[in-house]
Every structure is written in C-alpha cells, then in structure tokens.
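Undergrad:
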Amino acid sequence: MKDNIGQYQVKRILGRGGMGAVYLATDSLLHREVAIKTVQSHMDTSTDRFFQEARTLAKLNHPNIASLYNLIQEDGETYMIMEYINGISLEDLIKAKKQLSIQQSKTIFTQIIQGLNHAHEQGIIHRDIKSSNVMINERGITKLMDFGIAVSSGNERYTKTGNILGTLEYISPEIIKGEQPSVQSDIYALGILLYEMVSGRTPFQGTNEYAMINAHINQKPPELGTEIPSSLKKVIKKCLAKSIEKRYKNLNEVLSALKEVQEEDAQPAVFLKSKQLLQNTSTRSITSTIKTYKTQLITITSLAVIIVCMALLIPKGNSGESDKKGESESKELSNSIPSSRDVKPVEIARKDPKELKINELIYEGIRYAKSKQYLGGDRNLLKICKEIFQLDDRNAQAQSWMQEMINHFMRNGINALNKGNLSEARQLFKNVLTIDPNHQDSKNNLFKVEQREKELKKSSNRTITTKKVKPLADKQNKPKPKNIITPIKEDNTSITKEKTKTPVNQEPKISETNNSRSSESVNKENTVIEKKKSKRVTVVVPKNKDILLSVTETLSSFQNHKKGKSISLQVLKDVYINGILVIKRGAQGRATLENFKSSRNNQKGMIELKVKQVQAVDGSWLEVKRGNFKIPGDKGEEIKFTSATQLQVMTSKSININAYQ
6 MKDNIGQYQV KRILGRGGMG AVYLATDSLL HREVAIKTVQ SHMDTSTDRF
56 FQEARTLAKL NHPNIASLYN LIQEDGETYM IMEYINGISL EDLIKAKKQL
106 SIQQSKTIFT QIIQGLNHAH EQGIIHRDIK SSNVMINERG ITKLMDFGIA
156 VSSGNERYTK TGNILGTLEY ISPEIIKGEQ PSVQSDIYAL GILLYEMVSG
206 RTPFQGTNEY AMINAHINQK PPELGTEIPS SLKKVIKKCL AKSIEKRYKN
256 LNEVLSALKE VQEEDAQPAV FLKSKQLLQN TSTRSITSTI KTYKTQLITI
306 TSLAVIIVCM ALLIPKGNSG ESDKKGESES KELSNSIPSS RDVKPVEIAR
356 KDPKELKINE LIYEGIRYAK SKQYLGGDRN LLKICKEIFQ LDDRNAQAQS
406 WMQEMINHFM RNGINALNKG NLSEARQLFK NVLTIDPNHQ DSKNNLFKVE
456 QREKELKKSS NRTITTKKVK PLADKQNKPK PKNIITPIKE DNTSITKEKT
506 KTPVNQEPKI SETNNSRSSE SVNKENTVIE KKKSKRVTVV VPKNKDILLS
556 VTETLSSFQN HKKGKSISLQ VLKDVYINGI LVIKRGAQGR ATLENFKSSR
606 NNQKGMIELK VKQVQAVDGS WLEVKRGNFK IPGDKGEEIK FTSATQLQVM
656 TSKSININAY Q
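Residue numbers (my numbering): 6 to 666.
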C-alpha cells in the first residue's frame, strides 16, 4: 500500500479480507480520519462488487449509514474513501457481553432500521444484514456497513442462477429457493439479528450448509427465555415468518411494533418484575407490604405511582382475608424478591433515593417523547435527559431518547436539504448540535447548507453591466419583451445598435453597485473583455470538475410526467480553468426523468433525475457523473424540483475544448 493516495496519508491497516483490505488514513485538506477500502484488481467478481457498493453508497445519505466520501482511481487501482468509524462491531459487542440487554438491543436495532429504511426508500435492498456489518461508534451511534451485494429492487438478480449471495446464518428461505431479494428478505435478516442480540446466538445452528439451509426453510427458531418481553418475541416471530406474506410489509411497520415494546418496557424494571412475582398475591397483602415500609419512602408521589402500578398488575383478592394472613403473605413476598438484579420498590426508596427520582423523570419523559416535544418551552425531552444524566450518566433510556431526537432532526434536515429548503435544513441541523455539539454528520450537512446559500447569493448578485442612460418618457419606459434587442434613444440622439446590444437569453440586472459605476469604467471593462476573447486556446477540462445546475422549469409530483422524459437544465455558475472560462453561466444541461410517481390521490410521490451532459463554451457536450438526484415524499405531499434546487455534478473524464483567453 502506498503512503499517499491523492490528498490522503495512509497510517495503518485496519483489516484484511479475501477481496481486499481497509486502511486508516488522514485527509490532509480537511484534517479528518478516513477509511480507505481497496480491492484486489485481479478478482473480477470482487471488483464488480466494489463498484456496486460505491454506486449504492453514492445514493445514500443517512446518519445510520457509513458515508462514502470519494472514489479515486490512481495508477490502475481504485480506492473507496469512506467515513472512519472509531468503535466496535455489533458482532464483537455481542461476543463481549454474551447477550445485550433489552433496552440496548432496542436502541441499536431502532437505528439499524432507520438507516436501512432510508436505503429501502431509495429502492435499495441490502441483502447482507448481519452483526459484523453493523458498527457502533464511540458516541453510541449505529452505522450500517457493506452494501457490496446490495441491489435495486426490481432489478435482475446480481448473481447467476444457482448462486446465493449473503451470509447463510441470516439468509431468508425465499432467497435460498432462488427468488428475488426484497424488503421482506432484509426484514428476515433483521429478525435473525434481533434474536442474536437478545440471546447471544443466531437461531439456526448447523454443522454444515445443508443443515443450515434446511433449518431456514423448515424449522422454527428455538423459544427465547422468559426474561424476553412477549411483545418483543412477537416482533422477532413475525420477522422470521417462513412466508413473505406473513412478515411485516415494510420497516415502518417494524418500527411501530418496536415502539410498543419500548412503551411496555419504559416502565421501570421493578414494576415489570412485580407483575411476574405478584400475580397470585391479594390486593390486601400488597397494601400491607406498602404500609410496613411507608415511612421509608422518599416522596408521596413515588408511593402513589407504586400503589397504582401494583394494584393494576395483580388480580383482586378475597376481601375477607385477615390482616394476619395479609402480613404473612407480605413477608413471603419480601423474601421472594431477588436482591441481585430486581429490587422491590421499598428497597429502592430505602437504599437508593436517586433511583426513584430517575423513575419519576422517565415517566415524565415518556409523555414528552410521545408528543415529540424535544426542544423549546420551559420543559422538554432534552432537559429531562440532562437531568437523568446528572443522576446516571449512562442511563440507557436517556441515551435512547437522545439518539431518537438526533435521528429525528437529522432525517428531516436531510430531506429539507434535498428539497432545497435551506433555512429549514439549517435550523434542523442546529437542533442536532444543541443536543450533541460534537455531532460530525450535522456539522458536515450544515457546511453543505452554508455552501449552497453562498452559491445562491452569488447567483442572485451576478449582473450584466449595461450602459447608464438617462430616464426616458413614461411611454418609452414600458417594459420590453425579453430577448428582443432594440435601439435606445438618449436625449433624442440615436445610439447605435452595436453599443446597446444585450446578449440573447440573458436579462440585464442592475445592482446598486453597478448604478454607481461610471460609463468610463464600464467601457474600460468591456475593452478588457474583448482583449481576453481575442486569443483562441485549447483547454483541458479535468475529471471531477464541479458544475452547479438547476432545472429550467419546475417539476412537481402534482403534475403528469412520463419516465424517460428529457429535462432541460441550466448552469448556475461560470466554470473557469486557470482563469479561462470553459462553461458559461446559463449554458445548457441535459437530464432525463429516471423515475416519477405522482403524489396525487394521497399517494407517496417521488421524482428522480439523472444529469447526463453539460455544454462547454465551444458547443461540445461534457459527460458528467454523480448525476442522480431523488426526492421522495410522504402521502399526498407535493415534492418538486425548481430553479432554486441546486444540482451539483462532476465531469466524468478529462476532455480538451476550445476557449478564448
């Protein structure tokens, strides 16, 4: 491996596999660590998967998916520059802990679903969901990795008939049978993963491939232990249904089911345990237990919560039981509660007063989380989380809520950015930084917003200088139709057409700065421009040169458009090479409508464009890359590309053009 690849300085190897290796490097320009992924060039299949992964990642932008920064070809080798994730794989985490807690499993699993759901919305099936393809960084953010065998839904299969791509422990029955990959095949793998997280093992074990395949097709997964909530077992069972029709239809359904589990388990663990221990105990005996310890409780509020929860969780007893019997049952109950993990309510009050306060805050937080009152106001979920962290800086519920808030604002911010709503996107990314000031993804996206705002400002301030003239009579000052060149009269003296000619297809705009400039300075500038255009030269437009475009007419999901339609574009900013203009602002661009779904009739709309070419100053057409732009929408929501929607592409190869110096 070379010491330097472009602007990246290679530091050390992170890992090596059968298809290639991954290295840790430093970006010398942006001063950040990156991961450089390589592939063995002599392996054709590996190379195909390598480019497949790069093309797939280029379409994705989500905080729970590892980001692709660049793809570099140098000295016959190809390098994928990716986000470096300083953390641990889910596989290693499970090995270290044997099995994860329910809360930790739900926190990680929710993030995996959110990242994968973004891919599904772009029409991408992962096909290799497994614990080794999930990373958790040092801030607890989960990242989905390795889209090397991902495929667009509806496309032809990536492998030849008879071959299976994926990892056998996680592969769905229909894929084994040779059917097309689908959202449901990813959901099946998620079910395997969730089972593995809460139990420490995958459900289907086998000594050989045949045994594994037979288990996926014919066997039921082993029953999980009684410590696993029944609602979570139902989620896993439905994900692992042998028939596609019996699984969840999409990941939003999985998320909804998982939220029910979260609400069930949001009650402090002691109350859930109480339900299990007290189901055969009378109401009177519970009352006796509480009376025995009531002087030890910290607050009346906490006592009320415990009484209500316990009264609801147990069946009514015989009202004729004696107090003596109730007291004996109370003693028996006290002795039956384990002291290692599950502590009875009265012990919490006596031994750990801050635990009661945390429980109170969690109850309060549930209400704010349901109503999404994350920020603002005198009271919000972020403030509650901070108060919990003051008492327990590793509280799992507070960490889960923090991640929920970050994901909410990041997801909406990215959608706003893709739709060109820059002010909304700016505020949403700032909200993320309010929650986590060190959140790098939000900083990167905020930088994108600022860059686009600068480009828009430059575009709006760019003017074409015209000769300053005195005001004419009202009759003469009526607006002229665009693109029509007419002589202008000043003080009844005719001015030649040559001096007042305005370029076709450009509308003069006069800023305050231009109004203050003298005719003499304008004439000098025009003379300089004419001199610059006098010499014809050949210029090399390099590969990866940035070009900024927009559509010339609005495309809306409320309109009717056909797939494959040609779309006209215009360049928003002059492109120079060594001071020589090679692509002029206003130049044409070509695109096609790759996909279109109307959002009328309360349907989910979607518009996808593919930019193909941009015209240079000599009239030649330059091929471009990174030209796919897609905006998905919610049901009945109008989505659109407008002239304010900026599309940034890059030249796909170096090319010689004729220009003027």
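Note that the Cβ used here is the ideal one computed from N, Cα and C, for glycine as well.
Counting along the chain, where does the beta strand (DSSP E) carrying R37 start and finish?
TA: That run of the beta strand (DSSP E) goes R37 to T43.
Undergrad: Determine the extent of the beta strand (DSSP E) in which I612 is found, giving its start and end residues.
TA: Counting along the chain, the beta strand (DSSP E) containing I612 begins and ends at K609 to Q620.
Undergrad: Pick helix, strand or coil for T656, following the three-state DSSP scheme.
TA: T656: strand per DSSP, three-state reduction.
Undergrad: If distances are taken between C-alpha atoms only, which option among S428, D446, D441 and G624 comes closest to L380?
TA: L380 has its Cα closest to that of D441, out of S428, D446, D441 and G624.
Undergrad: The alpha helix (DSSP H) with S204 in it runs from where to where?
TA: It spans V188 to S204 - the alpha helix (DSSP H) in which S204 sits, taken as one unbroken run.
Undergrad: Assuming K617 and R631 form a contact by the criterion Cβ under 8 angstroms, report the distance between their Cβ atoms to the nearest whole angstrom.
TA: No, K617 and R631 are not in contact; Cβ-Cβ is about 12 angstroms, not under 8 angstroms.
Undergrad: For L577, which three-state DSSP category applies?
TA: In the structure shown, L577 sits in coil (DSSP, three-state: anything other than H, G, I, E or B).
Undergrad: Under a three-way DSSP split, which group does S555 fall into?
TA: In this structure, S555 counts as strand in the three-state DSSP scheme.
Undergrad: Do three or more CB pairs link the region 221-235 to the region 134-151 at distances below 8 angstroms?
TA: Because the criterion of three Cβ pairs below 8 angstroms is not met, the region 221-235 and the region 134-151 do not touch.
Undergrad: Let's see if you can read the secondary structure: which residues bound the beta strand (DSSP E) around A26?
TA: That run of the beta strand (DSSP E) goes A26 to D32.
Undergrad: Using the three-state DSSP reduction, which class does E360 fall into: helix, strand or coil?
TA: Reduced to three states, the DSSP call for E360 is helix.
Undergrad: Report the option in L95, L105, Q651 and G382 whose CA atom is closest to the CA atom of I117.
TA: When each option's Cα is compared against that of I117, the closest is L95.
Undergrad: Is it a yes or a no for the region 602-612 touching the region 29-40, going by three-plus beta-carbon pairs under 8 angstroms?
TA: The answer is no - the region 29-40 does not touch the region 602-612, with fewer than three Cβ pairs under 8 angstroms.
Undergrad: Please classify Q667 as buried or exposed, where buried requires at least 16 neighbouring CB atoms within 10 angstroms.
TA: Residue 667 falls outside the range modelled here, since the chain spans only 6 to 666, and no answer is possible.
Undergrad: According to DSSP, simplified to helix, strand and coil, what is Y368?
TA: Of the three classes helix, strand and coil, the one that applies to Y368 here is helix, per DSSP.
Undergrad: Taking 7 angstroms as the cut-off, decide whether the C-beta atoms of S686 and V629 are in contact.
TA: As shown, the chain starts at 6 and ends at 666. That puts residue 686 outside it, with no answer to give.
Undergrad: Could you check whether S659 and L577 sit closer than 7 angstroms to each other, using their CB atoms as the reference points?
TA: No, Cβ-Cβ distance for L577 and S659 is not below 7 angstroms.
Undergrad: Please report the distance separating the alpha-carbon of Q550 from that of G11.
TA: The residue asked about is misnamed: residue 550 is Lys in this sequence, not Gln. When rounded, the distance between both Cα atoms is 15 angstroms.
Undergrad: Do you know offhand how far Q189's Cα is from L198's?
TA: Using only the alpha carbons, I get a separation of about 14 angstroms.
Undergrad: Using alpha carbons as the reference points, say which of L65, I77, H413 and V587 lies closest to L149.
TA: Closest by alpha carbon: L65.
Undergrad: Please state if the CB of I99 and the CB of S136 are separated by a distance shorter than 7 angstroms.
TA: Their beta carbons are under 7 angstroms apart, which means S136 touches I99 by this criterion.
Undergrad: Given that a residue counts as buried once 16 or more other Cβ atoms are within 10 Å of its Cβ, and exposed if not, what is I612?
TA: It counts as buried.
Undergrad: Quick one: Cα of H67 to Cα of T61, how far?
TA: Roughly 13 angstroms between the two C-alpha positions.
Undergrad: Determine, for V437, whether the minimum Cβ-Cβ distance to residues of chain D falls below 7 angstroms.
TA: The structure shown contains no chain D; it is built from a single protein chain.
Undergrad: What did DSSP end up calling L19 once you bin it into helix, strand or coil?
TA: Of the three classes helix, strand and coil, the one that applies to L19 here is strand, per DSSP.
Undergrad: Just tell me which of L29, T115 and Q108 has its CA closest to the CA of N91.
TA: When each option's Cα is compared against that of N91, the closest is L29.
Undergrad: Closest by CA to L260, which one among L598, Y200, L195 and K247?
TA: L260 has its Cα closest to that of L195, out of L598, Y200, L195 and K247.
Undergrad: What does the Cβ neighbour count give for R206, buried or exposed, with the cut at 16 atoms within 10 Å?
TA: Label assigned to R206: exposed.
Undergrad: If we ignore side chains and look at the alpha-carbon of each, how far apart do Q395 and L627 end up?
TA: Going from the Cα of Q395 to the Cα of L627 covers about 58 angstroms.
Undergrad: Determine the DSSP secondary structure at P178, reduced to helix, strand or coil.
TA: In this structure, P178 counts as helix in the three-state DSSP scheme.
Undergrad: Apart from the five residues just before and just after T172, which ones in its own chain have a Cβ nearer than 7 angstroms to its Cβ?
TA: Result list for T172: D133 and K135, in chain order.
Undergrad: Report buried or exposed for N340, applying the criterion of at least 16 other Cβ atoms within 10 angstroms of its Cβ.
TA: Residue confidence for N340 is low, a pLDDT of 39 falling below 50, so the modelled location carries little weight and cannot support an answer.
Undergrad: Which runs of the alpha helix (DSSP H) at least 4 residues long sit entirely within the region 66-135? Give them in chain order.
TA: Within the region 66-135, the complete alpha helix (DSSP H) runs of at least 4 residues are 95-102 and 107-126.
Undergrad: Would DSSP call I10 helix, strand or coil?
TA: I10: strand per DSSP, three-state reduction.
Undergrad: Span of the alpha helix (DSSP H) holding M140?
TA: That residue, M140, is in no alpha helix (DSSP H); its beta strand (DSSP E) goes V139 to N142.
Undergrad: Count the other CB atoms within 10 Å of the CB of G382; is the residue buried (16 or more) or exposed (fewer)?
TA: It is exposed - the Cβ of G382 has fewer than 16 other Cβ atoms within 10 Å.
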